[in-house]
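**Q** Starting off with a structure, shown below.
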Amino acid sequence: MSIIFGSSDGEKKCKKCGETFKNSRENFGSTPSGGLRNDCRKCVALKSKEYNSHPNRIKNTHIRSTTLGEKFSKTDSSIKKYIWNIQGKRCAYTGVSISLQEAVVDHRISLAKGGLDQMSNLAVCHRQVNAEKHAKTDAEYFDWRRKKNLPCTEEIAKKIPRPRD
Ligand SMILES: [Zn+2]
Numbered sequence: 057m058s059i060i061f062g063s064s065d066g067e068k069k070c071k072k073c074g075e076t077f078k079n080s081r082e083n084f085g086s087t088p089s090g091g092l093r094n095d096c097r098k099c100v101a102l103k104s105k106e107y108n109s110h111p112n113r114i115k116n117t118h119i120r121s122t123t124l125g126e127k128f129s130k131t132d133s134s135i136k137k138y139i140w141n142i143q144g145k146r147c148a149y150t151g152v153s154i155s156l157q158e159a160v161v162d163h164r165i166s167l168a169k170g171g172l173d174q175m176s177n178l179a180v181c182h183r184q185v186n187a188e189k190h191a192k193t194d195a196e197y198f199d200w201r202r203k204k205n206l207p208c209t210e211e212i213a214k215k216i217p218r219p220r221d
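Right, here's the structure in full:
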């Protein structure tokens, strides 16, 4: 049996709950570098259970950072899927159900008009709708659709978190 640094008699104390267990992967699990974790499996399981049940849970760390308003690119495919899900898999402007393939990420207010490349300024819409909206702001596009008596909804885009508002 190999001697593992910081352990004694093949036992290891959990950094979290302080309980001592046999120093094995069964009790501690492995780290990406191949060592053993400092927290026992029970504590790790409890922590992930808490994390997963959190109402504002956002799994992807990149997405988590963007919801805080940090800059990122709208071409990031995980952002598209994330917003598409929030919008109930519907186009933000027409309310029509769309597939992920049909969906594109749109700046509600284009960068040219001073909109930000941030979560708060993004929506997912059908690619044809995106072409039709072109450089219009979301408000201008809604007006445009209303004048033409085309269906539109402002409710879906409101579901997108706007952390800086
Ligand atoms: Zn523990």
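Okay, so the sequence shown: first residue is 57 according to my numbering, each after it adds one. Heads up, the beta-carbon is just placed ideally off N, CA and C, and yes, glycines get one too.
Does the pairing of the segment 161 to 171 with the segment 91 to 108 give three or more beta-carbon distances under 8 Å?
**A** Short answer: they don't touch.
**Q** Just checking: is the beta-carbon of Trp-140 within a distance shorter than 9 Å of some beta-carbon in chain B?
**A** In the structure shown, chain B does not exist; there is a single protein chain.
**Q** Start and end of the alpha helix (DSSP H) containing Lys-78?
**A** First-last for Lys-78: 76 to 78, but that is the beta strand (DSSP E), not the alpha helix (DSSP H).
**Q** Please go through the same chain and pick out, in chain order, the residues whose beta-carbon is closer than 7 Å to the beta-carbon of Glu-210, but skip the five residues on each side of it.
**A** Within the same chain, Glu-210 has close Cβ partners Phe-198.
**Q** Compare the Cα-Cα distances from Ser-176 to each of Ile-139, Ala-159, Lys-98 and report the closest residue.
**A** That would be Ile-139, whose Cα lies nearest to the Cα of Ser-176.
**Q** Taking just the CA atoms, how far does Trp-200 sit from Pro-219?
**A** A caution first: Pro-219 carries a pLDDT of 41, below 50, which makes its placement in the model unreliable, though a value can still be read off. Pro-219 and Trp-200: Cα-Cα distance of roughly 28 Å.
**Q** Between the alpha carbons of Leu-206 and Gly-151, how many angstroms are there, rounded?
**A** Their Cα atoms are separated by approximately 11 Å.
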